[in-house]
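Participant:
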Amino acid sequence: MTLAFAGGVYEAFVPILEVWYWLLTLLYHLTGLELINPEYTFMYRAILVGLCVGVIAPLIGTFLVHRQLALIGDALAHTAFAGVAVGLFLNAVLELSVSPYLTAVVVAVIAALLIELISEATDAYNDVSMAIVLSTGFALGTVLISLNAGGLAVGINQYLFGNLSTVSAENAVIMLGLFSIIVATVALTRNQLLYVTFDETAAAVSGLPVAWYNRIMVMLTALVVVGAMQIMGVILVAAMLVVPVAGATQVSRSFSESLLVSIVLAELAVLLGIGISYYVGATAGGVIVLVAVGIYALSVLAGNVRQTGAPDETRELESISQD
Amino acid sequence: MKPTMRSHHRDDTDEATTESNESRPSVVDLTDVSFGYTSTPVVEDITVSIDAGEYVAVVGPNGSGKSTLMQLLLGLLEPDSGTAKLFGVDATAFDDGARVGYVAQRAGTSREMPITVREVVKMGRFPHVGFGRLSAADWRIVDRAIDTVGMSAFADRRITQLSGGQRQRAFIARALAGEADLLVLDEPTVGVDTESVDAFYGLLESLHVDGITVLLIEHDLQAVIEHAERVICLNQEIYFDGPSAEFTDSAALARAFGTGTRLLTGGNG
Chain X
1 MTLAFAGGVY
11 EAFVPILEVW
21 YWLLTLLYHL
31 TGLELINPEY
41 TFMYRAILVG
51 LCVGVIAPLI
61 GTFLVHRQLA
71 LIGDALAHTA
81 FAGVAVGLFL
91 NAVLELSVSP
101 YLTAVVVAVI
111 AALLIELISE
121 ATDAYNDVSM
131 AIVLSTGFAL
141 GTVLISLNAG
151 GLAVGINQYL
161 FGNLSTVSAE
171 NAVIMLGLFS
181 IIVATVALTR
191 NQLLYVTFDE
201 TAAAVSGLPV
211 AWYNRIMVML
221 TALVVVGAMQ
231 IMGVILVAAM
241 LVVPVAGATQ
251 VSRSFSESLL
261 VSIVLAELAV
271 LLGIGISYYV
281 GATAGGVIVL
291 VAVGIYALSV
301 LAGNVRQTGA
311 PDETRELESI
321 SQD
Chain D
1001 MKPTMRSHHR
1011 DDTDEATTES
1021 NESRPSVVDL
1031 TDVSFGYTST
1041 PVVEDITVSI
1051 DAGEYVAVVG
1061 PNGSGKSTLM
1071 QLLLGLLEPD
1081 SGTAKLFGVD
1091 ATAFDDGARV
1101 GYVAQRAGTS
1111 REMPITVREV
1121 VKMGRFPHVG
1131 FGRLSAADWR
1141 IVDRAIDTVG
1151 MSAFADRRIT
1161 QLSGGQRQRA
1171 FIARALAGEA
1181 DLLVLDEPTV
1191 GVDTESVDAF
1201 YGLLESLHVD
1211 GITVLLIEHD
1221 LQAVIEHAER
1231 VICLNQEIYF
1241 DGPSAEFTDS
1251 AALARAFGTG
1261 TRLLTGGNG
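For the protein sequence lines, the chains are X and D, in the order given.
Quick note on the working numbering: the first sequence kicks off at 1 and runs consecutively.
Quick note on the working numbering: the second sequence kicks off at 1001 and runs consecutively.
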């Protein structure tokens, strides 16, 4: 039943993948860009996954950064790594062929809920619960890998550092699924997530079940982390949740604008990063993050220029009529 | 002051002033409420009733349980014993959040968040629209609320670019946009300059005249006595509950604060 459902979902997304192939092939014939040579369809999938990451990471990251939960992505990435190890371990021991990304989704979502539950149950600060879950996740991952059942350590680097060439059609479809879930959930609950992010107490007073929205937020973060892990790797995945958002905060005048700008900056980093990494032969995740940090530095500069260019603003605000 | 959000309140209030307090519906009802985060109670045997249209201030020294009391009456905490009711419903089960507007001391969690006054005020409509989008009518209510607090010229400014007083006005506008019947303010003038504080109290006064129930938790005794019509003095238990004019002459002031004169002239409790 579950397998049939998963198969149905997979089939539903395959046409999107085919349209994407067709579009990039067309673009190749128009531009002759080597990066999208139809002989290298893995790049088509990598670019698709990258573009999805460029939307969902800052979309969720905007809420996280302004809740001062910037490091939760890091914690969940380490648990997603444990999830990958669980998948590889089960495949080796039980001779299954489950995608490690699916086991990573399950483990990361459980870990996300654990972070919230530890915070709620112990009144510990979020960073304490994040640190506990991060360490536990990475410890579990290293233990399972060190058991080395069936050559488990082989290929672990692709999960740690990401790899464009290993984005299979199945993984691209998983990403499209995660993308749909994340975008639809944020579109539905954007009012509530904004209220809880900005003023948790007022949101609670207004009748919102704040704890539930916190749980939704961390679960969505877990999904982003697993989706982005394919090309960013465990080590660098959190950067995409934080860096474009930090850049957008410098130059945006409103929350809705900051959401849009952070997505634009993230897409810019992803496309430039994939392009550069392809031509210089470097790891895509690392190049994407370096480009994102470069864009962030420029944003800080632009933000400062804008502030110094508006000297009258403060004076005007100080003299507001107190009618 | 700008035209009011809900002029029907004024008529209700004018009529209500001719009636006795008993005829006004009760907004907050605490009966024998005790609560402690540990085995030591923070507040004990609190019985308070606040009627619609009242302007009530809760005062008390640091650590007296003012904020805890506020959380109990808003249903954010559950009493260890006793009952807390909001608009006649058990406060923890109360689900008509639009009726309550809340303004915290330095509200807003993130200092850096790029959010405009209009985006903050529109949150007041969220309990009404749920998962949907704000309609044109909702946006008109938002803009009217911003106008009521005199912030129209700053509607598209980032909230972080405003002074403390202006920011608190924006949060009051959020409560007005929600068409709240009860406005709860937790030390809203901390860090706000004197001139803005005066304007802020002027705004509260006009909202009170308009019929909104105002519950103010405040450290500034002088301001409380000047503006609120009723004072509740708290220090774990209630020391005084009556007209603000009588509070200065009461023994409760000295009992709760240790010394009343210094606080009333010094202004900061």
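Note that the Cβ used here is the ideal one computed from N, Cα and C, for glycine as well.
Can you find the residues in the same chain that come closer than 6 Å, C-beta to C-beta, to SER1196(D), ignoring five residues on each side of it along the sequence?
Facilitator: GLY1165
Participant: Kindly indicate which three-state DSSP category ASP1279(D) falls into: helix, strand or coil?
Facilitator: The question about residue 1279(D) has no answer here: the residues shown for chain D are numbered 1001 through 1269.
Participant: Find the residues of chain D that neighbour TYR195(X), judging by a C-beta separation of less than 7 Å, and give them in chain order.
Facilitator: Per Cβ cutoff of 7 Å: MET1123 and PHE1126.
Participant: Using CA coordinates, which residue listed in LEU88(X), VAL173(X), LEU160(X) and VAL106(X) is at the minimum distance from LEU147(X)?
Facilitator: Ranking LEU88(X), VAL173(X), LEU160(X) and VAL106(X) by Cα distance to LEU147(X) puts LEU88(X) first.
Participant: Just reading off the beta strand (DSSP E) that PHE1035(D) is part of, what are its end residues?
Facilitator: It spans 1026-1035 - the beta strand (DSSP E) in which PHE1035(D) sits, taken as one unbroken run.
Participant: Closest Cβ-Cβ distance between ALA266(X) and chain D: below 7 Å?
Facilitator: no
Participant: Please list the terminal residues of the continuous beta strand (DSSP E) segment that includes ARG1230(D).
Facilitator: Unbroken beta strand (DSSP E) run through ARG1230(D): 1230-1235.
Participant: Any idea what DSSP makes of THR249(X), helix, strand or coil?
Facilitator: If DSSP states are grouped into helix, strand and coil, THR249(X) belongs with the helices.
Participant: Please indicate yes or no: does the CB of VAL245(X) lie closer than 6 Å to some heavy atom of the ligand ATP?
Facilitator: In the structure on display, the ligand ATP does not appear, and there are no ligands present to speak of.
Participant: Quick one: give me the first and last residue of the alpha helix (DSSP H) that GLY294(X) is part of.
Facilitator: 284-308
Participant: Using the C-alpha atoms, what's the distance from ARG1144(D) back to ALA1098(D)?
Facilitator: It is roughly 17 Å from the alpha-carbon of ALA1098(D) to the alpha-carbon of ARG1144(D).
Participant: What residue from VAL84(X), LEU113(X), GLU120(X) and VAL143(X) has the CA that sits closest to ASN157(X)'s CA?
Facilitator: VAL84(X)
Participant: Leaving out five residues before and five after TYR278(X) in sequence, what residues of the same chain have Cβ atoms less than 6 Å from its Cβ?
Facilitator: LEU35
Participant: When you compare each of GLY1053(D), VAL1027(D), LEU1072(D) and THR1047(D) to PHE1035(D) by their alpha carbons, which one comes out closest?
Facilitator: LEU1072(D)
Participant: Assuming GLY73(X) is part of the beta strand (DSSP E), what are its boundary residues?
Facilitator: Run containing GLY73(X): none in the beta strand (DSSP E); it sits in the alpha helix (DSSP H), 72-94.
Participant: Would you be able to state if there are at least three C-beta pairs under 8 Å between the region 103-116 of chain X and the region 251-262 of chain X?
Facilitator: No, because fewer than three Cβ pairs between the region 251-262 of chain X and the region 103-116 of chain X fall closer than 8 Å, the two stretches do not touch.
Participant: Would you give the residue range spanned by the beta strand (DSSP E) that ILE1046(D) belongs to?
Facilitator: 1043-1051
Participant: Under a three-way DSSP split, which group does ALA1180(D) fall into?
Facilitator: coil
Participant: To the nearest angstrom, how far is it from the Cα of ARG1140(D) to the Cα of GLY1053(D)?
Facilitator: 25 Å
Participant: Figure out for me which residue from LEU298(X), LEU176(X), VAL243(X) and SER206(X) has the closest Cα to the Cα of VAL14(X).
Facilitator: Nearest option by C-alpha distance: LEU176(X).
Participant: With which residues is THR1116(D) paired in a DSSP beta bridge?
Facilitator: ARG1158(D)
Participant: Counting along the chain, where does the alpha helix (DSSP H) carrying SER1196(D) start and finish?
Facilitator: 1194-1209
Participant: Quick check: the Cα distance between MET1005(D) and LEU1176(D), rounded to an integer number of angstroms?
Facilitator: Note that MET1005(D) scores a pLDDT of 44, beneath 50, so its modelled location is shaky; the value from the coordinates is reported in the next line. Cα to Cα, MET1005(D) sits roughly 7 Å from LEU1176(D).
Participant: Could you tell me the distance, in whole angstroms, from the CA atom of ASP74(X) to the CA atom of ALA266(X)?
Facilitator: 18 Å
Participant: Between PHE1131(D) and chain X, is any beta-carbon pair separated by less than 7 Å?
Facilitator: yes
Participant: Just mark ASP1156(D) as buried or exposed, buried being the case when its beta carbon has 16 or more other beta carbons within 10 Å.
Facilitator: By the Cβ neighbour-count rule, ASP1156(D) is exposed, with fewer than 16 other Cβ atoms within 10 Å of its own.
Participant: If I measure Cβ to Cβ from VAL234(X) and keep anything under 7 Å in the same chain, skipping five residues before and after, which residues do I get?
Facilitator: ALA77, HIS78, ALA80, PHE81, TYR159 and LEU160
Participant: Roughly how many whole angstroms lie between the Cα atoms of ALA12(X) and GLY1082(D)?
Facilitator: 57 Å
Participant: On the DSSP letters alone, give me the boundaries of the beta strand (DSSP E) that ILE36(X) sits inside.
Facilitator: Taken as a continuous stretch (DSSP letters only), ILE36(X) belongs to no beta strand (DSSP E), as it is neither H nor E.
Participant: Please work out which residues of its chain come closer than 8 Å, Cβ to Cβ, to ASP1051(D), disregarding the five sequence neighbours upstream and downstream, and give them in chain order.
Facilitator: Close CB contacts of ASP1051(D) within its chain, under the 8 Å cut and outside five residues either way in sequence, are with ASN1021, ARG1024, PRO1025, SER1026, VAL1027 and THR1213 (chain order).
Participant: Which same chain residues, not among the five before or five after CYS52(X), have their C-beta less than 6 Å away from its C-beta?
Facilitator: Around CYS52(X): MET175 and PHE179.
Participant: Closer than 8 Å by C-beta to PHE1131(D): which residues in its own chain qualify, once you throw out the five before and the five after it? Chain order, please.
Facilitator: none
Participant: Quick check on ASN1021(D) - is its C-beta less than 7 Å from some C-beta in chain X?
Facilitator: Residue confidence is low: ASN1021(D) scores 47 on pLDDT, short of 50, so the model does not pin down where it sits. Its coordinate-derived value is still stated next. It does not: the Cβ of ASN1021(D) has no partner Cβ on chain X nearer than 7 Å.
Participant: Does DSSP put SER1064(D) in a helix, in a strand, or in coil?
Facilitator: Of the three classes helix, strand and coil, the one that applies to SER1064(D) here is coil, per DSSP.
Participant: Tell me whether ALA1104(D) sits in a helix, a strand or coil according to DSSP, three-state version.
Facilitator: Residue state, collapsed to three classes: coil.
Participant: For VAL1224(D), tell me which candidate among GLU1205(D), ASP1210(D) and GLY1211(D) has the shortest Cα-Cα distance.
Facilitator: GLU1205(D)
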